[in-house]
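**Q** Quick note: the sequence shown uses the working numbering, first residue 23, plus one each step. Beta carbons are placed, not taken as given, at the ideal position from N, Cα and C, and that holds for glycine. A single structure is presented below for examination.
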Amino acid sequence: MGQYARISATAAASVREGKTFAVYGSVAPGKRGHVVYLQRRSGSRWITVTRQTLSSRSAYRFTVRAAARGAFSYRVYYGADGFHASTASATKVVRVN
């Protein structure tokens, strides 16, 4: 398990309080049916917000409500499987105005 899956992630840079925004992307190589986790940074820890099963194209799309003002860090996490070590996407910072 020395290899890592690659996770792409895209999210809005800013959003208005009370509105929703999407965090979406894909995992390569294809991992159809596997689960990915949307996580938000809280202090020094990553807290899982929700999870989703990858589509037939190994894609995901999370919808998040911007409930409070501030800057929030998100990432998408993929747990280890029989072929790849666990990994996470780059951190995406979303500013809520």
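At which residues does the beta strand (DSSP E) containing S80 begin and terminate?
**A** If you number the sequence shown from 1, residue 80 lands on position 58. Taken as a continuous stretch (DSSP letters only), S80 belongs to no beta strand (DSSP E), as it is neither H nor E.
**Q** To the nearest angstrom, report how far apart H106 and Q74 are at their CA atoms.
**A** Within the sequence shown, numbered from 1, the residue matching residue 106 stands at position 84. Within the sequence shown, numbered from 1, the residue matching residue 74 stands at position 52. About 18 Å.
**Q** So S30 and G47 are in contact, right, with Cβ under 8 Å, and what is the actual spacing, rounded?
**A** One-based indexing of the sequence shown puts residue 30 at position 8. One-based indexing of the sequence shown puts residue 47 at position 25. Yes, S30 and G47 are in contact; Cβ-Cβ is about 4 Å, under 8 Å.
**Q** In chain order, which continuous runs of the beta strand (DSSP E) of length 3 or greater are located wholly inside the segment 37–111?
**A** 42–50, 57–64, 67–75, 81–87 and 92–100
**Q** Since V128 and F94 are thought to touch, with beta carbons under 8 Å apart, how far apart are those beta carbons, to the nearest angstrom?
**A** Because the chain here runs from 23 to 119, residue 128 falls outside it and cannot be looked at.
**Q** With the cut-off set at 8 Å, would you say T114 and V58 are in Cβ contact?
**A** Taking the sequence shown and counting its residues from 1, one reaches residue 114 at position 92. Taking the sequence shown and counting its residues from 1, one reaches residue 58 at position 36. Note on identity: in this sequence residue 114 is Lys, with Thr being the wrong assignment. The criterion of a C-beta distance shorter than 8 Å is not satisfied by K114 and V58.
**Q** Between the alpha carbons of E39 and A33, how many angstroms are there, rounded?
**A** One-based indexing of the sequence shown puts residue 39 at position 17. One-based indexing of the sequence shown puts residue 33 at position 11. Cα-Cα distance, rounded: 15 Å.
**Q** Give the DSSP bridge partners of A33, in chain order.
**A** As a working note, residue 33 is residue 11 in the sequence shown. V45.
**Q** Enumerate in chain order the residues of its own chain whose CB-to-CB distance from A35 is below 8 Å, with the five nearest sequence positions on each side excluded.
**A** Taking the sequence shown and counting its residues from 1, one reaches residue 35 at position 13. Contacts found: V115, V116 and R117.
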